[in-house]
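Asks: Below you'll find the structure I mean.
Residue numbers (the UniProt record's numbering): 1 to 219.
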């Protein structure tokens, strides 16, 4: 993946942040404002508004993941106040052809048994459009799947290349790996990426969409 080599991932393949959570920052800012101006209602209220918004987003994402695990994409996106506008699935792809770098070299010595991909686009009430890619790689064993994840999650190691988003008929987008998830399920390795296509969805929204799509079952 191509991104900041000094920024680590957590155990689920997500980029980790060096600073504290948004809720803590919001509350600290509120109390600083209180100390300097004495405006109790406004400053504390602003912090609570931020906390409420964060909780609502987390709840929507949790509900979306519940539906996604069942394979119900429509309900999953509805739970997140999103609408799926395009969806394309390609199956039985060739791992060596669909990859590059060290990931491709890994496949040459450890062939996969199956490779499927979902490319989708969802929109929100503000007209922002998010494009996502989910790749399901089936390996011969859980051990080889874990080895593949280790290679894929490493900076500069290459990637299982998503097929072009032009197939959605919405224009092209380049997946940077910034909004990235990966997970293991036995011998199955799942890679998910999202990018903004239109509008200005927040980084948190892009991450949440990736988190929900990542738990979808293979087609």
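By construction, the Cβ of each residue, glycine as well, lies at the ideal position given by its N, Cα and C atoms.
Here the structure is a predicted model, which is why all the values come from computation and not from measurement.
(1) When DSSP labels each residue in this structure, what does residue 37 get in the three-state scheme?
(2) Any idea what DSSP makes of residue 178, helix, strand or coil?
(3) Is it buried or exposed for residue 94, if we count other Cβ within 10 angstroms and need 16 for buried?
(4) Compare the C-alpha of residue 180 against each of 152, 83, 143, 97 and name the closest.
(5) Determine, using beta-carbon pairs with one atom in the region 203-211 and one in the region 159-174, whether at least three such pairs fall under 8 Å.
(6) Under 7 Å between the Cβ atoms of residue 132 and residue 194?
(7) Since residue 77 and residue 83 should fall inside the 8 Å C-beta cutoff, what is the C-beta to C-beta distance between them, to a whole number of angstroms?
(8) May I have the straight-line CA-CA distance separating residue 160 from residue 56, to the nearest angstrom?
(9) Let me know the secondary structure DSSP gives residue 74 once reduced to three states.
(10) Can you give the Cα-Cα distance for residue 184 and residue 127, rounded to whole angstroms?
(11) Give every residue of the same chain whose Cβ lies closer than 8 Å to the Cβ of residue 92, excluding the five residues on either side of it in the sequence, and list them in chain order.
(12) Helix or strand or just coil, what does DSSP make of residue 132?
(13) Could you tell me which residues DSSP puts in a beta bridge with residue 99?
(14) Using a 10 Å radius around the Cβ and a threshold of 16 neighbouring Cβ atoms, would you call residue 109 buried or exposed?
(15) Could you please give the first and the last residue of the uninterrupted alpha helix (DSSP H) stretch that includes residue 91?
Replies: Once the coordinates are examined:
(1) Residue mapping note: residue 37 aligns to position 37 of the chain shown, counting from 1. With a pLDDT of 42 at residue 37, under the threshold of 50, the modelled position of this residue cannot be trusted; read the value that follows with caution. Here residue 37 sits in helix by DSSP.
(2) Translated into the one-based positions of the chain shown, residue 178 becomes position 178. Here residue 178 sits in coil by DSSP.
(3) As a first step, residue 94 must be located in the chain shown, where it is residue number 94. So residue 94 ends up on the exposed side.
(4) Counting from one through the chain shown, the residue named residue 180 turns up at place 180. Minimum Cα distance to residue 180 is reached at 152.
(5) no
(6) Within the chain shown, numbered from 1, the residue matching residue 132 stands at position 132. Within the chain shown, numbered from 1, the residue matching residue 194 stands at position 194. Yes.
(7) Stepping through the chain shown from its first residue, residue 77 is reached at position 77. Stepping through the chain shown from its first residue, residue 83 is reached at position 83. Their Cβ separation, rounded to whole angstroms, is 6 Å, which keeps residue 77 and residue 83 in contact under 8 Å.
(8) Sequence index remark: in the chain shown, residue 160 carries index 160 (1-based). Sequence index remark: in the chain shown, residue 56 carries index 56 (1-based). Each residue's Cα considered, the two are about 33 Å apart.
(9) The residue given as residue 74 occupies position 74 in the chain shown. In the structure shown, residue 74 sits in a helix (DSSP, three-state: H, G or I).
(10) To locate residue 184, count along the chain shown from 1; it is residue 184. To locate residue 127, count along the chain shown from 1; it is residue 127. So the two alpha carbons sit approximately 33 Å from each other.
(11) Residue numbering aside, residue 92 sits at position 92 when the chain shown is read from its first letter. Excluding sequence neighbours, residue 92 sits near 114, 115, 116.
(12) Walking along the chain shown from the start, residue 132 turns up at place 132. Three-state result, residue 132: strand.
(13) In the chain shown, residue 99 corresponds to position 99, counting from 1. DSSP, once it has assigned bridges, lists 160 as partnering residue 99.
(14) Numbered from 1 along the chain shown, position 109 holds the residue referred to as residue 109. Residue 109 should be labelled exposed.
(15) The residue labelled residue 91 in the question sits at position 91 within the chain shown. Run containing residue 91: none; DSSP gives neither H nor E here.
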